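Participant: Have a look at this one before I ask anything.
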Amino acid sequence: MSTRAGLAEALRVVLAITLKDSLDAVKDRKLIPVLAGVLLMIALFRLLPALREGDTQTLVVVDSGESTVVEQWADSDQFDLHRVPSLQEMEVFLGGEETAVLGLVLPPDFDQQVQDSAAIALSGYVDHWVSDSNAEKVGEFFEVQLTTLTGRPVRIQVHNDTVFTHPRGLQPVTTSFLVAYALVVVGLMVAPNLMIEEKELKTMDALLISPASAGQIVIAKALTGLLYCLVAGGLVLVVNAALIVHWDIAVLAVLCGSLFTVSIGLLLGVILNSRQQLILWSAVLMFPLFIPVIASEILPDIQAPALAQRIVSLIPTVAVAEAIRWALSGSVPWAEIGIGLAVTIACAIPLLVAVAWAVRRSDR
Amino acid sequence: MRAIEVHELTRDYNGLRAVDSITFNVETGEIFGFLGPNGAGKTTAIKVLTGQLRPTSGTARVAGCDVVQERQRLKPKIGVVFEYQNLYERLSARDNLVFAARLYGVSKGRADQVLAQVGLTERARDRIKNYSNGMKQRLLIARALLHEPEVLFLDEPTRGLDPNVARDIRAIITALSRQGVTVFLTTHYMEEADQLSDRVAIIDRGRIVALDTPAQLKAIHGEGEKTTLEDVFVKLTGRYLGRGGHES
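Line by line, the protein sequences are chains A and B. According to our numbering, the first sequence is numbered sequentially starting from 1. According to our numbering, the second sequence is numbered sequentially starting from 365.
Put into C-alpha cells, the structure is as follows:
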C-alpha cells in the first residue's frame with residue numbers, strides 16, 4: 001500500500017471513530033450538564049458587575065498639575081474620584097475594573113484653562129471592551145457633572161480603543177479561571193468516558209479487530225475530546241468576546257489546554273474500568289490541575305520567591321490561564337506565552353503516547 | 365484451499381496453558397465446529413486466530429495471513445461475532461453498521477444490505493438499547509458480515525436465544541457457508557454443532573481430543589446408531605452439557 005493510500009485509510013478510520021463518538025455524545029447528552037455548569041459559572045461571574053450597576057460612577061483623573069478645581073470634584077456625591085499621577089497608572093486602574101470607568105487626562109494648566117476658557121474640551125478614556133454607546137453614555141454623564149462643578153461647559157471626547165485591560169484585572173482573571181475550569185472539567189469528567197465506555201460495552205474488542213490500530217483509536221478519541229473541550233472553552237470565549245484583544249492567543253491557548261486535559265482524561269480512561277471510579281478520580285485530579293491556577297494569582301501578591309512563581313507558571317493549566325489573561329490585554333509577552341504553551345503540548349504528547357501504549361497492550 | 369492453518373499452537377494465560385499445541389486446518393467454505401467445556405480454551409483459540417492475542421508458540425494462518433506478522437492485512441479478511449453483545453447501545457442499528465462500514469471502507473448501502481440479510485430493516489433506526497437479545501445477535505452477525513469477510517468467527521452465536529431466533533441464525537450460517545464463507549463456530553449446543561458443522565474439533569484442557577465429521581465421530585466413539593454428538597462429547601471430555609448448553 002502506498003504512503004498516500006495508507007494515510008487516506010488512517011484518516012478514514014480516525015474520522016469514522018470521531019464521527020461515531022460525536023454522534024454518541026449528542027445522543028448521550030453527557031456534555032449538556034457540563035456545559036450547563038460552565039454557563040452557570042459564566043453567569044455568576046457576569047452577574048457580579050451587573051449587581052454593582054447601581055453603584056456610584058467612578059472617575060479616574062491624571063492630574064499632573066495638582067489642580068485645585070479637581071480637589072473640589074472630590075466632594076461630589078454623584079461619583080467617586082481617584083487621582084493618579086500618570087497615564088500608565090490610569091490604564092492600570094481602568095484595566096482592573098469590571099464596569100465602565102472614565103479616565104480623564106487633564107493638562108498641567110487645567111485650573112488656568114477653567115478660568116480663561118468659555119468651554120473646556122477634555123480627552124476621556126474607557127477600557128477597550130466598553131461599547132461605543134456605553135462610552136458615550138459615560139461621557140455624557142461626566143460632561144453634565146463636570147459642567148455643574150466647574151461652572152463652564154465641559155466636552156469630553158471618549159476613546160475606547162487605546163486603553164486595554166490589565167492582565168491582572170478582574171475580567172482577565174475571571175475569564176482565565178473560566179477557561180481553565182471548562183477545560184479541566186470536560187477533560188477530566190467527559191473525555192475519559194470515551195475510553196471507559198468502549199471497555200464497559202466491550203466494543204473496544206470490536207474496534208481492535210477492525211482496521212483501526214491502537215494509535216488511530218487514540219488519535220480519534222483525542223480529536224473527539226478536543227471537540228468537546230473546544231465547545232466548552234469556545235463558549236467561554238464567545239461569551240467574553242468583547243474582552244478579547246488577541247483572538248489568536250486565546251484560540252491557541254484553548255487548543256493547547258484542551259489537548260493537555262484530554263490527554264489526562266484519556267489516560268484516566270484507559271486506567272479506570274468504570275464510571276464510578278472516574279467520578280472519584282476526576283474529583284481528586286481537579287485539585288492539582290485547578291488550584292495552581294488560583295495560586296498563580298495569589299503568589300505575586302504574597303511576594304512568593306520568583307523561582308516558585310516561575311515553576312507554577314509552567315504548570316500547563318496555569319500557562320493556559322496566563323495566555324488567556326494576556327489575550328485580553330494590550331501588549332503581549334510572546335516568548336513567555338510561547339514557552340508556557342510549548343510546555344503544555346510537551347506534557348500532552350507523552351500522555352497520549354502512554355494511552356496508545358496501554359491500548360496496544362490491552363490488545364495483545 | 366485452506367482458510368485456516370494452525371500448527372502446534374500454544375497460548376499461556378496467567379501462568380496456565382489455555383491452548384496446548386493444537387494443530388488443525390479448515391477448508392474454504394467449511395463450517396468448522398470448535399467444541400469444548402467452559403475453560404477448555406475455545407475463546408482463547410479464537411482470540412489468537414483473530415489476532416487479538418499473540419500465541420506463546422506455534423503458528424496460525426487465517427485467510428492466507430500469518431496472525432502475528434500480517435495482522436493488519438488479516439483484519440479486513442475476517443469477521444468476528446464475540447461471545448458478548450458488544451454494540452453501541454445509544455446508537456441505532458443502522459448507525460452501528462454505518463460506523464463499521466466507515467471503519468472498513470465499505471459503502472453505507474452495504475449496511476442496508478446486511479440489515480436486510482438478517483431481517484432487521486424495519487427496526488434499523490431503533491436504538492440498540494430497545495433491542496431484544498435475538499435482534500442484537502442478528503445485528504452482530506450483520507456487523508461481522510458487512511465487509512464480506514473470507515472467514516467468519518462465531519463465538520457462541522445462539523447462546524441464550526429463544527429457539528426461533530436460534531433457528532434463524534443457524535439458517536444464516538448455513539447460507540453463508542453456501543456462499544463460500546468459511547465459518548469457525550464455537551457452541552455449547554451439541555445438536556447445533558451436529559446439524560451445522562462439516563467437521564468438528566473437540567477441545568479439552570487446551571488440547572484437541574477429537575477432530576472429524578460429526579458422523580465419523582459418532583461412528584468411532586459411539587456405542588450404537590442412536591449415539592449423539594453430546595454422547596461423544598461427554599465420553600471424550602468426561603463432562604456433561606445440560607439441555608441449556610450449561611455444564612453440569
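Cβ coordinates follow ideal geometry from the N, Cα and C atoms, glycine included. For clarity, every value in this text was computed on a predicted model and none was experimentally measured.
Which residues in chain B have a C-beta closer than 8 Å to the C-beta of K202/A? List them in chain order.
Facilitator: Result: F446, Y448, N450.
Participant: Using only alpha-carbon positions, find the residue among I395/B, A539/B, L461/B that is nearest to A206/A.
Facilitator: Checking every option, the nearest Cα to that of A206/A belongs to L461/B.
Participant: My guess is that Y228/A and A180/A are in contact by the Cβ rule of under 8 Å, so how many angstroms apart are they, rounded?
Facilitator: With a Cβ gap of about 16 Å, Y228/A and A180/A do not count as contacting.
Participant: Tell me whether H585/B sits in a helix, a strand or coil according to DSSP, three-state version.
Facilitator: H585/B falls in the helix class under three-state DSSP.
Participant: What is the rounded straight-line gap between the Cα of L188/A and the Cα of V390/B?
Facilitator: Taking the straight line joining both Cα atoms gives about 48 Å.
Participant: Go to Q57/A, then tell me how far its beta strand (DSSP E) extends in each direction, as first and last residue.
Facilitator: Q57/A -> beta strand (DSSP E) spans 57-63.
Participant: Using 8 Å as the threshold, is the region 268-286 of chain A in touch with the region 201-215 of chain A, meaning 3 or more CB pairs across them?
Facilitator: In short, these stretches do not touch, since the Cβ pair count stays below three.
Participant: Compare the C-beta of T414/B against all C-beta atoms of chain A and say whether one is closer than 7 Å.
Facilitator: Cβ-Cβ to chain A under 7 Å: yes for T414/B.
Participant: D519/B touches chain A at which residues, Cβ-Cβ below 9 Å?
Facilitator: Those within 9 Å of D519/B in chain A number zero; the least Cβ separation is about 11 Å.
Participant: Taking the continuous beta strand (DSSP E) assigned at Y125/A, which residues delimit it?
Facilitator: First-last of the beta strand (DSSP E) with Y125/A: 120-127.
Participant: Quick check on DSSP: helix, strand or coil for I315/A?
Facilitator: The answer is coil: DSSP assigns I315/A none of H, G, I, E or B.
Participant: Considering Cα atoms alone, identify which of H166/A, E143/A, V114/A, A214/A is closest to R361/A.
Facilitator: Nearest option by C-alpha distance: A214/A.
Participant: Using a Cβ cut-off of 7 Å, pull out every chain A residue sitting near D459/B, in sequence order please.
Facilitator: Going along chain A in sequence order, the residues near D459/B (Cβ under 7 Å) are L23.
Participant: With 7 Å set as the bound, which would you pick, yes or no: does the beta-carbon of R435/B sit closer than that to a beta-carbon of chain A?
Facilitator: No - not a single Cβ of chain A is within 7 Å of the one on R435/B.
Participant: N160/A by DSSP, collapsed to three states: which one?
Facilitator: DSSP places N160/A in strand when its eight states are reduced to three.
Participant: To the nearest angstrom, report how far apart V236/A and R534/B are at their CA atoms.
Facilitator: Rounded to the nearest angstrom, the two C-alpha atoms are 56 Å apart.
Participant: Quick one: what does DSSP say G608/B is sitting in, helix, strand or coil?
Facilitator: The predicted position of G608/B is uncertain, since its pLDDT is 44 and thus under 50; a value taken from the coordinates is nonetheless stated next. If DSSP states are grouped into helix, strand and coil, G608/B belongs with coil.
Participant: Quick check on M365/B: buried or exposed, where buried means 16 or more other Cβ atoms within 10 Å of its Cβ?
Facilitator: So M365/B counts as exposed.
Participant: Can you name the residues of chain A whose CB is closer than 7 Å to the CB of E589/B?
Facilitator: In chain order: nothing, as chain A lies at least about 42 Å away.
Participant: Taking DSSP as the reference, what is the three-state secondary structure of Y377/B?
Facilitator: Three-state result, Y377/B: strand.
Participant: Just reading off the beta strand (DSSP E) that D80/A is part of, what are its end residues?
Facilitator: First-last of the beta strand (DSSP E) with D80/A: 79-84.
Participant: Measuring only between beta-carbons, confirm whether S2/A sits less than 7 Å from chain B.
Facilitator: Chain B contact via Cβ: absent.
Participant: In whole angstroms, what separates the C-alpha of T3/A from that of L600/B?
Facilitator: Taking the straight line from one Cα to the other gives about 52 Å.
Participant: Checking the sheet assignment: what are the DSSP bridge partners for G443/B?
Facilitator: According to DSSP, which records beta bridges pairwise, G443/B is partnered with L516/B.
Participant: Is the distance from the Cβ of L515/B to the Cβ of T550/B below 7 Å?
Facilitator: Going by the sequence as given, residue 515/B is Val instead of Leu. No, the Cβ-Cβ distance between V515/B and T550/B is not below 7 Å.
Participant: Any C-beta of chain A sitting closer than 7 Å to the C-beta of L467/B?
Facilitator: Closer than 7 Å to some Cβ of chain A, the Cβ of L467/B qualifies, so yes.
Participant: Quick check on E611/B - is its C-beta less than 7 Å from some C-beta in chain A?
Facilitator: Confidence at E611/B is low in this model, with a pLDDT of 46, below 50, so its placement is unreliable and no value can be given for it.
Participant: Would the beta-carbon of G415/B be found less than 6 Å away from any heavy atom of the ligand SAM?
Facilitator: No copy of the ligand SAM appears in this structure; indeed no ligand is present at all.
Participant: Three or more C-beta pairs under 8 Å: does that hold for the region 340-352 of chain A against the region 256-265 of chain A?
Facilitator: Result yes; three or more Cβ-Cβ pairs closer than 8 Å.
Participant: Would you please verify whether the beta carbon of P211/A is less than 7 Å from any beta carbon of chain B?
Facilitator: Interface residue, yes.
Participant: Looking at Q366/A: is its Cβ nearer than 7 Å to the Cβ of Q78/A?
Facilitator: Because chain A spans 1 through 364 in this model, residue 366/A falls outside it and cannot be assessed.
Participant: T423/B lies in the beta strand (DSSP E); which residues open and close that run?
Facilitator: Residues 421-426.
Participant: Which partner residues does F388/B have in the DSSP bridge list?
Facilitator: V370/B.
Participant: Counting only Cβ pairs nearer than 8 Å, list the residues of chain E close to P440/B.
Facilitator: Note that chain E does not occur in the displayed structure, where the protein chains are A and B.
Participant: According to the Cβ coordinates, are I395/B and I572/B closer than 7 Å?
Facilitator: No.
Participant: Below 8 Å CB to CB, which residues in the same chain sit around D519/B once its five sequence neighbours on both sides are set aside?
Facilitator: K406, T407, I410, V444, V445, F446, E447, T550, listed in sequence order.
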